[in-house]
Amino acid sequence: MKKVMKITGLVLSGVVLLLVGFCAYVAAVGVPTYDPPVVPRITVERTPARITRGEVIAQIQCMECHANNDNRLTGKYLAEVPPLFGKLYSKNITQDVEKGIGKWTDGELIYFLRTGVRKDGTYAPVMPQYPNMADEDLKSVVAWLRSDRFPVQATNQEAPPSELSFVSKLLTHTLMKPIAYPEQAIRFPDSTSQIALGKYTADAIGDCFACHSGDMLDQDKSHTERTKGYYGGGIEMVGEDGKPIVTANLTFDEETGIARKYTKEQFIRAVKGGVRPDGSILRSPMAPKPMLSDREVGAIFEYLKTVPKIRNDIAKKSAEIQLARK
Ligand code: HEC
Ligand code: HEC
């Protein structure tokens, strides 16, 4: 018996030592760096159609995190990130050659947007990766970044560097990792299928699943539908008033989902205009998306009907969180 205890004790202290060692390693190394990648050689032609489409995607994605009060992409403090993860700032992605991305090639940008890795092998945590965006849409984003539109014109303002917490650093050794660059072309979804368009718009363009699933970090970005609690909501975020705000359950669960509350038209109005059927306003960080077409948002509604239902009572969860804070 004593021997067993001794061995267990030894094993346990071994595990503790390993853990301490790992934590010390994480603290010392910070965010891991990868081998400098071979970036694709792509030159994106800047057609007006691409710039227009790129602007739609940029307004949903890039502007949300990179645009300052003056609407330029100078980088900013990301206030909606819970303090547990540290103080996070995005970067200047204007055409400025010093502070912005003026020196990046089109291929470097596309590689980075797909994988999260820069040409020198450094990895950008928090910056989303876009593994499922169609090649053509990604090119549109690049065309827009190079365009004559106001937000991307060179400015040398910049945000301070991010101060990642230990938790965030630890995450970059576990859950937050680069995504492999795709080996095959990524095409648009079947344009005749509303459901395919809905999934693409929700998961690849709107990133709706990233906020409306079960966990902010433990997500499958490549196979989004495998994400834990997919569209069941319940992620706690920080609202504009600094108070916690919980994301909605967008599945069609009869009791706790949004289905019983919305018609398709009401859903389109809520997502594009930010107003619920009862007239209440959707709060930040749920940003209205007027740049999406009725067809695209209607398609999201149709797609959500096909997503496995999840019972998750957000109103209850929200009330519990408020109570715990008091
Ligand atoms: C959820 C917030 C968020 C969104 C959305 C976002 N970014 Fe970022 N981005 C960041 C953060 C944070 C960093 C800095 C990461 C770091 O410190 O390494 C960053 C870094 C970058 C960089 C690297 C800049 C440099 O100098 O190293 C580029 C390029 C970039 N983003 C482009 C984009 C584009 C284009 C889009 C839209 C398709 C976009 N980002 C959307 C948060 C975001
Ligand atoms: C940055 C995170 C984030 C993203 C991205 C996001 N949402 Fe939300 N969403 C929220 C939050 C938080 C709420 C709760 C808002 C509130 O309670 O006022 C919400 C609420 C909603 C609601 C209202 C549900 C209700 O309570 O009646 C709908 C509908 C919705 N989101 C749809 C979408 C769709 C569709 C997309 C993608 C196009 C999307 N959301 C993207 C965070 C997000």
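So the sequence shown is numbered by this note's numbering: it starts at 5 and just counts up by one.
Note that beta-carbon positions come from the ideal geometry of N, C-alpha and C, so glycine has one too.
This one's a predicted model, so the numbers in the text were calculated from it and none came from an experiment.
- Query: Bridge partners of valine 250, per DSSP?
  - Reply: Taking the first residue of the sequence shown as 1, we reach residue 250 at position 246. Bridge partners of valine 250: Glu240.
- In terms of DSSP beta bridges, what is leucine 168 paired with? Against the sequence shown, residue 168 aligns to sequence position 164. Looking at the DSSP assignment, leucine 168 forms a beta bridge with Gly90.
- Message: Would you say the beta carbon of serine 177 is closer than 7 Å to some non-hydrogen atom of ligand 1?
- Response: For the purposes of this step, residue 177 is taken as residue 173 along the sequence shown, with counting starting at 1. It is histidine, not serine, that sits at residue 177 in the sequence shown. Answer for histidine 177: no, Cβ out of range of ligand 1.
- With respect to 7 Å, is the separation between the Cβ of histidine 70 and the closest non-hydrogen atom of ligand 2 below this value? Taking the first residue of the sequence shown as position 1, residue 70 is located at position 66. No.
- Task: Going by DSSP, name the residue or residues bridged to threonine 126.
- Result: Position 122 of the sequence shown, counting from 1, holds the residue named residue 126. DSSP output for threonine 126 lists Thr37 as bridge partner(s).
- Message: Looking only at its chain, what residues have a beta carbon closer than 7 Å to the beta carbon of alanine 53, apart from the 5 residues adjacent to it on each side?
- Response: As a working mapping, residue 53 is identified with position 49 in the sequence shown. Within the same chain, alanine 53 has no close Cβ partners at all.
- Task: Decide yes or no for the touch test of the segment 179-188 against the segment 280-297: beta carbon pairs closer than 8 Å, at least 3 of them.
- Result: no
- Ordered along the chain, which non-local residues of its own chain (more than five positions away) have a Cβ less than 6 Å from that of isoleucine 105? Counting from 1 along the sequence shown, the entry for residue 105 is found at position 101. If we look at isoleucine 105 and ignore the five residues flanking it on each side, its Cβ neighbours are Ile97.
- Nearest to glutamine 263 by CA position, among Lys247, Ile249 and Arg280, is which residue? On the sequence shown, residue 263 is found 259 positions in, with the first residue counted as 1. Residue identity differs from the one stated: residue 263 is alanine in this sequence, not glutamine. Among Lys247, Ile249 and Arg280, the Cα nearest to that of alanine 263 belongs to Arg280.
- Could you give the uninterrupted runs of the beta strand (DSSP E) lying entirely in the segment 44-116, keeping only those of 3 residues or more? none
- Item | Any non-hydrogen atom of ligand 2 within 7 Å of lysine 309 CB | Counted from its first residue, the sequence shown places residue 309 at position 305. If you check the C-beta of lysine 309 against ligand 2, you find no heavy atom less than 7 Å away.
- Task: Can you tell me which of the three DSSP states isoleucine 285 falls into?
- Result: Looking up residue 285 in the sequence shown gives position 281. In the structure shown, isoleucine 285 sits in a strand (DSSP, three-state: E or B).
- Query: In terms of residue numbering, what span does the alpha helix (DSSP H) encompassing isoleucine 262 cover?
  - Reply: Start at 1 with the first residue of the sequence shown, and residue 262 comes out as number 258. Looking at the DSSP string, isoleucine 262 is not in any alpha helix (DSSP H), and its letter there is neither H nor E.
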